[in-house]
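Encoded as structure tokens, the structure appears first; notes follow it.
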Amino acid sequence: MSNENKSVWNSNITFILAMIGSAVGLGNIWRFPNVLYSNGGGSFMIPYIVSLFLLGISFVLVEYAVGYKFKTSLSKILYSVYNKLEPVAWFVLTIVFLITTYYICVVGWDLIYVVLSFTKAWGSNPDLFFSQSVLQATDSIDGITTIVPAVLASIVAIWFVTWAILRTNLNDGIGKVSKVLLPLLCIIVVIIVIFSLTLPGASIGYTQIFTPDWNALLNPNVWLAAFGQIVFSLSLGMAIALTYASYLPEGSKLTDNAIVVAFSNSGFEVFNSIGIFSILGFMAMTSGIPFNELVTEGTGLAFVVFPQVFNVMGPSANIIGPLFFLCIFFAGITSIIALLEGVCYSISEKFNFSRKKSATIVCIVGVCVSSIFATGAGSLILGVFDAFLNNFALLFAVLLECIIFGWIYDFDKLIATLNENSKIKVGKTWKTVIKFILPICILFLWIQGILSSLADEDPVSITIKAILLIVLIALPIIFTKLPAKNEDFYKEVQH
22 MSNENKSVWN SNITFILAMI GSAVGLGNIW RFPNVLYSNG GGSFMIPYIV
72 SLFLLGISFV LVEYAVGYKF KTSLSKILYS VYNKLEPVAW FVLTIVFLIT
122 TYYICVVGWD LIYVVLSFTK AWGSNPDLFF SQSVLQATDS IDGITTIVPA
172 VLASIVAIWF VTWAILRTNL NDGIGKVSKV LLPLLCIIVV IIVIFSLTLP
222 GASIGYTQIF TPDWNALLNP NVWLAAFGQI VFSLSLGMAI ALTYASYLPE
272 GSKLTDNAIV VAFSNSGFEV FNSIGIFSIL GFMAMTSGIP FNELVTEGTG
322 LAFVVFPQVF NVMGPSANII GPLFFLCIFF AGITSIIALL EGVCYSISEK
372 FNFSRKKSAT IVCIVGVCVS SIFATGAGSL ILGVFDAFLN NFALLFAVLL
422 ECIIFGWIYD FDKLIATLNE NSKIKVGKTW KTVIKFILPI CILFLWIQGI
472 LSSLADEDPV SITIKAILLI VLIALPIIFT KLPAKNEDFY KEVQH
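Sequential numbering from 22 applies to the sequence shown in the working numbering.
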């Protein structure tokens with residue numbers, strides 16, 4: 022590995038901002054409000070907080086401890102733990118890369134809406150405009166031969182921005198971007214939330230957050246939903262925390278940092294939900310549409326419901342609209358660079374590439390894959406990618422990591438690493454969570470994902486999933502078999 026890649030964060034605040042930026046993403050803005058509303062409203066916060074402490078922070082601590090202790094990439098870490106485990110690293114990184122390819126497409130849609138929001142160009146029917154004018158979506162896979170120029174241009178633009186950030190050194194690239202975009206993101210969210218609370222009907226919305234349905238706590242699916250939200254919100258198992266922690270200097274307080282990042286992320290999504298729900302409450306009052314029909318997640322919330330809201334909001338929408346879509350854009354960029362940093366790091370480590378070269382290769386391949394989503398069938402394919410990779414592949418990867426670091430590696434070494442400098446100590450309870458409770462919860466979520474995939478009888482979806490499965494099996498084997506160009510890769514790391 023070249024020396025330029027052996028980077029160290031220039032300050033603890035840079036690391037914390039980068040970690041918060043990696044966690045705060047599209048899921049915080051448009052997934053959490055729907056999960057919260059669908060699972061008991063205010064009472065959902067109880068399983069959510071339990072999941073945050075018991076499971077979310079616990080696994081983040083594993084990633085922090087492993088990255089900090091080994092101070093190298095995921096591929097070399099797993100090779101050092103046991104050389105037969107290297108394919109698992111490339112399996113995880115392949116999942117992360119594929120998730121990023123469609124994540125960038127969604128951020129590309131948002132970039133288009135940043136421009137459209139200044140003139141409300143979506144007109145009186147945002148649903149039809151989004152599907153027919155922006156996506157130019159077709160009902161069949163045949164649309165894959167039709168390129169959508171605006172979407173392709175936005176995808177290329179975001180990949181270029183990503184490349185420009187990743188190719189520079191750690192602190193000038195990811196560090197500076199995090200220091201700029203995260204504060205801007207927070208300022209925008211504060212403005213939106215404060216404004217939303219002044220809207221007529223806002224109380225219809227935000228009271229949903231604080232009105233509990235206690236019966237929901239007896240439903241095991243609510244607890245699984247809470248844990249699932251924590252998994253996706255904190256990007257567990259994606260090697261982000263592990264990679265960023267590997268850049269920490271000696272003497273870092275790992276446990277303290279993990280708690281700050283986890284609470285900041287959860288605080289952001291709860292605070293943001295107050296604004297989202299207040300705006301939807303305003304829409305419910307002014308349009309007469311029942312509140313439960315407005316609460317949705319993903320693209321339906323961002324690109325259909327909110328444009329409808331801005332249509333009836335009046336002149337203030339000319340400011341709030343662009344700010345809302347900028348908020349999504351900034352959150353998307355900080356998450357994208359975090360997702361790809363671990364991929365680039367492992368490639369640099371094994372093949373002795375410079376940071377610039379690995380970033381260039383990853384981004385060129387990424388543009389090619391993402392271009393699939395810039396077709397008439399793009400949204401159809403994206404939906405299959407999202408369901409399969411998140412509900413099946415990623416959860417399986419997290420399960421494997423729990424087993425590796427909880428059972429194969431000497432777990433007591435991780436406890437010693439975490440307790441060395443941190444004010445907050447961990448012990449046997451944390452060990453029990455990682456070895457038993459966390460794998461069981463992940464297993465339940467994974468089984469749910471498998472059952473969901475098996476229930477899909479659409480031949481196009483089945484074909485896409487089969488192709489993804491082949492890629493997820495083949496690429497890890499290929500990357501493992503390729504000889505390392507870095508002679509230090511096969512040397513045992515002191516652990």
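Where a beta carbon is used, it is the ideal one built from N, C-alpha and C, also for glycine.
Bear in mind the structure is a predicted one, so any value in this text is a computation, not a measurement.
- Taking C-beta separations shorter than 7 Å and ignoring five residues to either side along the sequence, the partners of Ile-212 in its chain run Leu-344, following chain order.
- Residue pairing by DSSP places Gly-62 opposite Pro-233 in a beta bridge.
- Assigned with DSSP and collapsed to three states, Thr-396 falls in strand.
- Shown here, Ile-168 sits in a strand according to DSSP, grouped into three states.
- Between the segment 135 to 142 and the segment 341 to 359 there are three or more C-beta pairs closer than 8 Å, enough to call the two in contact.
- Counting other Cβ atoms within 10 Å of its Cβ, Thr-453 stays below 16 and is therefore classed as exposed.
- Thr-115 and Pro-68 have their C-alpha atoms roughly 31 Å apart.
- Glu-290 sits buried, since 16 or more C-beta atoms from the chains shown fall within 10 Å of its C-beta.
- Put simply, of Gly-427, Gly-258, Ile-162 and Ala-174 the residue whose alpha carbon is nearest the alpha carbon of Ala-44 is Gly-258.
- For Met-306, the enclosing alpha helix (DSSP H) has its first and last residue at 275 to 308.
- When Cβ pairs closer than 8 Å are counted between the two stretches, the segment 60 to 80 is seen to touch the segment 235 to 253, the count reaching three or more.
- Between Leu-82 and Val-447 a beta carbon distance of about 7 Å is seen, short of the 8 Å cut, so the two are scored as contacting.
- Setting aside the 5 residues that flank it on each side, Leu-403 is surrounded in the same chain by Tyr-123, Cys-126, Val-127 and Phe-394, each with a C-beta closer than 8 Å to its C-beta; the list follows chain order.
- Put simply, of Leu-421, Pro-221 and Asp-479 the residue whose alpha carbon is nearest the alpha carbon of Ile-461 is Leu-421.
- For Val-419, the closest of Thr-35, Ser-79 and Ser-32 by C-alpha to C-alpha distance is Ser-79.
- For Leu-132, the enclosing alpha helix (DSSP H) covers residues 107 to 137.
- DSSP places Ser-482 inside the alpha helix (DSSP H), whose first and last residues are 480 to 502.
- Non-local beta-carbon contacts of Asn-192 in its own chain, meaning distances under 8 Å to residues more than five positions away in sequence, involve Ser-28, Trp-30, Asn-31 and Thr-35 in chain order.
- For the segment 389 to 451, the full-length alpha helix (DSSP H) segments reaching 4 residues or more read 399 to 409, 416 to 424 and 432 to 440 along the chain.
- Within the model, the alpha-carbon separation for Trp-467 versus Leu-416 is close to 6 Å.
- Check the Cα spacing between Val-201 and each of Lys-486, Ile-354 and Leu-464: the tightest is with Ile-354.
- In the DSSP annotation of this structure, the continuous segment of the alpha helix (DSSP H) that includes Gln-469 starts and ends at 459 to 475.
- In the DSSP assignment, Gln-157 falls outside any alpha helix (DSSP H) and carries neither an H nor an E.
- Assigned with DSSP and collapsed to three states, Phe-374 falls in coil, not helix or strand.
- Taken through DSSP and simplified to helix, strand or coil, Arg-188 comes out as coil.
- The C-alpha of Ser-94 is placed about 11 Å away from the C-alpha of Trp-111.
- Collapsing the DSSP output to three states places Asp-509 in coil.
- Taking the Cβ atoms as the reference, Asn-442 lies roughly 5 Å from Gly-272, within the contact range of under 8 Å.
- Assigned with DSSP and collapsed to three states, Val-102 falls in helix.
- Beyond the five residues adjoining it in sequence on each side, Pro-233 comes within less than 7 Å, by CB distance, of Gly-61, Gly-62, Gly-63 and Ser-64 in the same chain, given in chain order.
- Listed in chain order, the non-local C-beta contacts of Tyr-89 below 8 Å within the same chain comprise Ala-266, Ser-267, Leu-269, Ser-273, Leu-275 and Thr-438, local neighbours out to five positions each way being set aside.
- Between the alpha carbons of Asn-55 and Tyr-227 lies a gap of roughly 13 Å.
- Between Leu-401 and Ala-158, the CB-CB gap stays under 9 Å.
- Between Ile-179 and Leu-137, the alpha-carbon positions lie close to 17 Å from each other.
- The closest CA to that of Leu-47, considering only Ala-174, Asn-104, Thr-320 and Ile-494, is found on Thr-320.
- Sequence-distant partners of Phe-231 (beyond 5 residues in either direction) whose C-beta falls short of 8 Å from its own C-beta, in its chain, are Gly-62 and Gly-63.
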